[in-house]
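Input: a single structure, listed below in structure tokens.
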Amino acid sequence: MNNIKINKAVILANGRFPTHSIPLKSLNNSSFLICCDGSIDKLEEKISPDVVIGDLDSISKESIEKYKKNIIEIENQNYNDLYKTLVWCLDKKIKDITILGATGLREDHTLGNLLLLFNFSKYLSLKVITDTGYFTLINRTHIFNSFKGQQVSLFLIDLTIKIKTNNLKYIINNNRLKNHFQGTLNESLEKTFSISVSHGSILVYQNFNR
38 MNNIKINKAV
48 ILANGRFPTH
58 SIPLKSLNNS
68 SFLICCDGSI
78 DKLEEKISPD
88 VVIGDLDSIS
98 KESIEKYKKN
108 IIEIENQNYN
118 DLYKTLVWCL
128 DKKIKDITIL
138 GATGLREDHT
148 LGNLLLLFNF
158 SKYLSLKVIT
168 DTGYFTLINR
178 THIFNSFKGQ
188 QVSLFLIDLT
198 IKIKTNNLKY
208 IINNNRLKNH
218 FQGTLNESLE
228 KTFSISVSHG
238 SILVYQNFNR
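Mapping of the sequence shown onto the working numbering: residues 38 to 247, in sequence order.
So this is what it looks like as structure tokens:
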């Protein structure tokens, strides 16, 4: 594991296994797949992980035996398995990461998984794909591919951040949001839209075109 030279990976977290064609395509086409602990038990036989990371509290004994050469056990209970996996990716200089299975099953796990992304905004390029859309973490001006009528929501922790948008229905013109939910329920007007931030990072949600 010490000689890994790759800059792009897919992480399968141990939430609801994806069913939509878009996250499944990302899973099936992954060139380097990392499973968080028990998520390995949800994979089909034809898909094998390159690495399994976690404290091994939710993985089956059969999978431990089958993938023992691929397992990295990290016992620290102060952090969940997705956080541990992102730290491992950072250490291995894997910077471009798509996360699947980070939502569903338990709302507290979903919220925790999304919030922990902010800890890595300066170091990693992160996208979460769910069965309904994408979450993208940005910390600079970003142009998003979109479609007219696409639902867009902005989430942030730091309310001192000034945000500027282009091609969204509800314009934010270099202003600060007054509360944490004010950036939700926006809408794209064109095939692309852009968002700029003064500092820090924000999480942007886009729904699929169904």
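Glycine included, C-beta positions come from ideal geometry on N, C-alpha and C.
Because the structure is a prediction, the values reported are computed rather than measured.
So the candidates are Leu49, Thr221, Ile96, Leu123; which of them puts its Cα closest to the Cα of Asn66? Your numbering for residue 66 matches position 29 in the sequence shown. Selected option, being the one with the closest Cα: Leu49.
Are at least three pairs of beta-carbons, each pair with one atom in the stretch 72-83 and one in the stretch 47-62, less than 8 Å apart? Contact holds: three or more Cβ-Cβ distances are below 8 Å.
From which residue to which residue does the alpha helix (DSSP H) around Leu161 run? The count along the sequence shown starts at 1 and reaches residue 161 at position 124. Annotation: Leu161 is outside any alpha helix (DSSP H) and is labelled neither H nor E by DSSP.
Beta strand (DSSP E) containing Leu49: first to last residue? Here the question's residue 49 lines up with position 12 in the sequence shown. Here the beta strand (DSSP E) through Leu49 covers 45-49.
Out of curiosity, what's the CA-to-CA distance linking Leu142 and Arg53? In the sequence shown, residue 142 corresponds to position 105, counting from 1. In the sequence shown, residue 53 corresponds to position 16, counting from 1. Their Cα atoms are separated by approximately 6 Å.
What number of angstroms, rounded off, separates the C-alpha of Ser85 from the C-alpha of Ile109? Here residue 85 is taken as the residue at index 48 of the sequence shown, counted from 1. Here residue 109 is taken as the residue at index 72 of the sequence shown, counted from 1. Rounded to the nearest angstrom, the two C-alpha atoms are 15 Å apart.
Secondary structure of Asn32, DSSP reduced to three states: Residue coverage of the chain in this structure runs from 38 to 247, which leaves residue 32 outside it and unanswerable.
Lys159 versus Glu144, Thr147, Asp133, residue with shortest Cα-Cα distance: Taking the first residue of the sequence shown as position 1, residue 159 is located at position 122. By alpha-carbon distance to Lys159, the top candidate from Glu144, Thr147, Asp133 is Asp133.
Out of Leu226, Cys126, Asp195, Lys228, which has the shortest C-alpha to C-alpha gap to His217? Position 180 of the sequence shown, counted from the start, is the residue given in the question as residue 217. Selected option, being the one with the closest Cα: Asp195.
Between Ile200 and Ile232, how many whole angstroms is the CB-CB distance? I'm expecting something under 8 Å. Start at 1 with the first residue of the sequence shown, and residue 200 comes out as number 163. Start at 1 with the first residue of the sequence shown, and residue 232 comes out as number 195. Right, the Cβ-Cβ distance comes to about 7 Å (below 8 Å), so this counts as a contact.
Beta carbon of Leu226, beta carbon of Asn204: below 7 Å? If you number the sequence shown from 1, residue 226 lands on position 189. If you number the sequence shown from 1, residue 204 lands on position 167. Cβ distance < 7 Å, so Leu226 and Asn204 count as in contact.
Which residue marks the beginning of the alpha helix (DSSP H) containing Tyr191, and which one marks its end? Within the sequence shown, residue 191 is the residue found at index 154, counting from 1. The question names Tyr, but residue 191 in the sequence shown is Leu. Run containing Leu191: none in the alpha helix (DSSP H); it sits in the beta strand (DSSP E), 188-192.
Consult DSSP for Lys62 and reduce its assignment to one of helix, strand or coil. Sequence index remark: in the sequence shown, residue 62 carries index 25 (1-based). In the three-state scheme derived from DSSP, where H, G and I count as helix and E and B as strand, Lys62 is classed as helix.
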